[in-house]
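The structure under discussion appears below in the form of structure tokens.
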Amino acid sequence: MFVWLSSILVFTYVVFAHCAVPTTTTCRPTTPDVLGPYYLPDPPRRRQICDRDPTFHNERHLLVEGRIKNQLCQPITDAKIEVWQADRDGHYLLSENCRGHFYSEKGGHYAFLTLHPGKYSTDPEGEMYRPAHIHFRVEKPGYDILVTQMYFDGDSSLGRNDSCLACSSDHDDLVVAVREMCADASGRYCFNIARFDIVLSGGNGVDVVSDFDDSRIELEDIVRAG
Ligand SMILES: [Fe+2]
0 MFVWLSSILV FTYVVFAHCA VPTTTTCRPT TPDVLGPYYL PDPPRRRQIC DRDPTFHNER
60 HLLVEGRIKN QLCQPITDAK IEVWQADRDG HYLLSENCRG HFYSEKGGHY AFLTLHPGKY
120 STDPEGEMYR PAHIHFRVEK PGYDILVTQM YFDGDSSLGR NDSCLACSSD HDDLVVAVRE
180 MCADASGRYC FNIARFDIVL SGGNGVDVVS DFDDSRIELE DIVRAG
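Spelled out as structure tokens, the structure:
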């Protein structure tokens, strides 16, 4: 009887002890991506980009928001976030139009307003396109600088259909869903929202994917743009 009771107690202890083991929450670092040839250092500080087009206020706006975190899922404040993208026609211009930088705030939160980026081709045959994307460069002392791109769910050019073979559009953590929000039922005052959380690796390096095929056409575009 004593042996039987002891066995039950030992079993119960083992089960509860196992269940009570504290789990450490971890966040997987965001997948890096290609920098691309359009990065220009020191873009203007602002949270609204692609707004130099006079039709900006007539367009459906895209609000991108999220949090910057470390690998323990703790918020990182005062991270410098640089963003740049093609305009809605798929062109990069060497102007400040579709570029900006800002800092994450309390809780690691950030947000900026833009227009949905257009798609462009880097395929010499012009048959394959890059999926619509927004470039990010995130920097905070004590963490690796992260260079990455944000993509949109449902884009037919993601993954194996991306004309940039080196790019990371096949990674789910870089692909966001877009939801619509309207001020009222009229549908006249609506905008799109995309949430993109970013996790930085601890260190002093740079997390980026080396670029081997994504520059030729874009550089030609730069020349055309002057
Ligand atoms: Fe790009």
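Sequential numbering of the sequence shown, starting at 0, is according to numbering that gives the first Met the number 0.
Don't be surprised by glycine CBs; every beta carbon is placed ideally from N, CA and C.
Does the contact criterion of 3 or more C-beta pairs under 8 Å hold for the stretch 130-137 versus the stretch 76-85?
Remark: three or more beta-carbon pairs, one from each stretch, lie closer than 8 Å, so the stretch 130-137 and the stretch 76-85 are flagged as touching.
Which residue marks the beginning of the beta strand (DSSP E) containing histidine 233, and which one marks its end?
Residue 233 cannot be examined here, being either before or after the span of the chain that is shown, 0 to 225.
Local Cβ density within 10 Å of leucine 71, reported as buried at 16 or more and exposed below that
By the neighbour-count criterion, in which 16 or more other beta carbons inside 10 Å mark a residue as buried, leucine 71 falls on the exposed side.
Under the criterion of a Cβ to heavy atom distance below 7 Å, does alanine 165 qualify as lining ligand 1?
No, the Cβ of alanine 165 stays beyond 7 Å of every heavy atom of ligand 1.
Per DSSP, the bridge partner or partners of isoleucine 197
Ile67.
Report the partner residues of glutamine 84 according to the DSSP bridge assignment.
Per DSSP, Ile133.
Only counting the same chain, and skipping five residues up and downstream in sequence, which positions put a Cβ closer than 8 Å to that of isoleucine 75?
The beta carbon of isoleucine 75 sits closer than 8 Å to those of Ile67, Lys68, Asn69, Ser103, Gly107, Lys139, Tyr142, Leu199, all from its chain and outside the five residues before and after it, given in chain order.
Would you check if the distance between the CB atom of threonine 30 and the CB atom of leucine 173 is smaller than 8 Å?
Threonine 30 is a Cβ neighbour of leucine 173, given a cutoff of 8 Å.
Expressed to the nearest angstrom, what Euclidean distance is found between the alpha-carbon atoms of arginine 178 and asparagine 203?
Spanning the two alpha carbons is a distance of roughly 36 Å.
Cβ-heavy atom distance, histidine 115 to ligand 1, below 7 Å
Checking the Cβ of histidine 115 against ligand 1 gives no.
Which class does glycine 106 belong to by DSSP, given the choice of helix, strand or coil?
The DSSP-derived three-state label of glycine 106 is helix.
If you drop the 5 nearest sequence neighbours on each side, which residues of the same chain put their C-beta closer than 6 Å to that of arginine 87?
Here the set comprises Leu114, Gly117.
How far does the beta strand (DSSP E) with valine 177 in it reach, from first residue to last?
Its beta strand (DSSP E) spans residues 177-181.
Spatial neighbours of valine 14 within its chain, please: CB distance less than 7 Å, with the 5 preceding and 5 following residues excluded, ordered by chain position.
Unreliable placement is indicated for valine 14, whose pLDDT of 45 sits below 50; no coordinate value is reported for it.
Where does leucine 145 fall in DSSP's three states?
It is a strand residue.
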